[in-house]
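Per the numbering used here, residue 4 is the first one in the sequence shown, and the count goes up by one each step. Scroll down for the structure; my scribbles are underneath it.
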Amino acid sequence: QDIERLIVIAHSQGTGIAADELADPALEPLFQNQPVTLVTMGSPLSHLYQHYFPSQYPSWQAAHWDKLFERVSTWINLYRRDDYVGTQITCPKRSDVNFKNHALGLGGHLGYWRDDAAIAALLHYNVFSTNEADEAIVP
4 QDIERLIVIA HSQGTGIAAD ELADPALEPL FQNQPVTLVT MGSPLSHLYQ HYFPSQYPSW
64 QAAHWDKLFE RVSTWINLYR RDDYVGTQIT CPKRSDVNFK NHALGLGGHL GYWRDDAAIA
124 ALLHYNVFST NEADEAIVP
């Protein structure tokens with residue numbers, strides 16, 4: 004099946020599942036050079052998972068994440084300043100992934116899926132663009 008582009012959008016603990024799956028070497032046949040855009044919302048990856056579960060969620064520099072950074076071309080992390088679970092993700096300084104932490108303001112941990120500010124951010128970064136020249140640009 005010809006997939007031209009894959010967009011993965013995940014919230015909260017789903018961001019850990021998304022990162023794990025995108026890092027899994029066994030899934031190589033599914034990824035055939037199509038760009039992957041990863042959008043995380045309210046993610047506990049850096050400040051909770053990497054802090055309390057370092058054997059399962061090591062530093063972004065670890066080989067554990069090599070496939071993730073080979074596959075993901077753009078990663079946008081949306082968070083709220085008062086989100087008690089998810090916040091900024093420590094910027095993974097690897098490869099040529101376009102990475103952006105984007106603060107949405109207040110609103111807690113729930114409701115990202117129907118938050119107008121979250122939708123506006125996804126549109127701002129051209130996440131859903133079908134124009135190849137506009138694909139998920141992170142300024």
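From the three backbone atoms N, C-alpha and C, an ideal C-beta is built for every residue, glycine too.
Using alpha carbons as the reference points, say which of the options lies closest to residue i.
| i | options | result |
| --- | --- | --- |
| Ala66 | Glu7, Pro95 and Ser132 | Pro95 |
| Val88 | Pro61, His50, Ile10 and Lys103 | His50 |
| Pro28 | Ala121, Gln59, Pro38 and Asp69 | Asp69 |
| Leu25 | Ala13, Ile10, Gly17 and Arg74 | Arg74 |
| Ile122 | Leu81, Tyr60 and Gly19 | Leu81 |
| Gln59 | Asp119, Ile92 and Ala22 | Ala22 |
| Thr18 | Val39, Met44 and Leu9 | Met44 |
| Leu30 | Leu125, Asp99, Leu71 and Ala124 | Leu71 |
| Asn101 | Gln16, Pro38, Ile12 and His112 | Pro38 |
| Asn104 | His54, Leu113, Gln16 and Leu48 | Leu48 |
Exposed or buried, residue i, counting other C-beta atoms within 10 Å across all chains shown (16 or more means buried)?
| i | result |
| --- | --- |
| Asp86 | buried |
| Pro32 | exposed |
| Pro57 | exposed |
| Ile6 | exposed |
| Arg84 | exposed |
| Ser62 | exposed |
| Thr93 | exposed |
| Leu125 | buried |
To the nearest angstrom, how far is it from the Cα of residue i to the Cα of residue j?
| i | j | result |
| --- | --- | --- |
| Ile79 | Thr90 | 12 Å |
| Asn36 | Ser76 | 10 Å |
| Tyr115 | His14 | 8 Å |
| Ser46 | Ser132 | 24 Å |
| Gln64 | Arg117 | 33 Å |
| His127 | Asp119 | 12 Å |
| Ala106 | Val42 | 13 Å |
| Leu9 | Ile20 | 16 Å |
| Ile12 | His54 | 23 Å |
| Phe34 | Val130 | 19 Å |
Using the DSSP secondary-structure output, state which residues sit across from residue i in a beta bridge.
| i | result |
| --- | --- |
| Trp78 | Leu41 and Phe102 |
| Leu33 | BP columns for Leu33 are empty, so no partner. |
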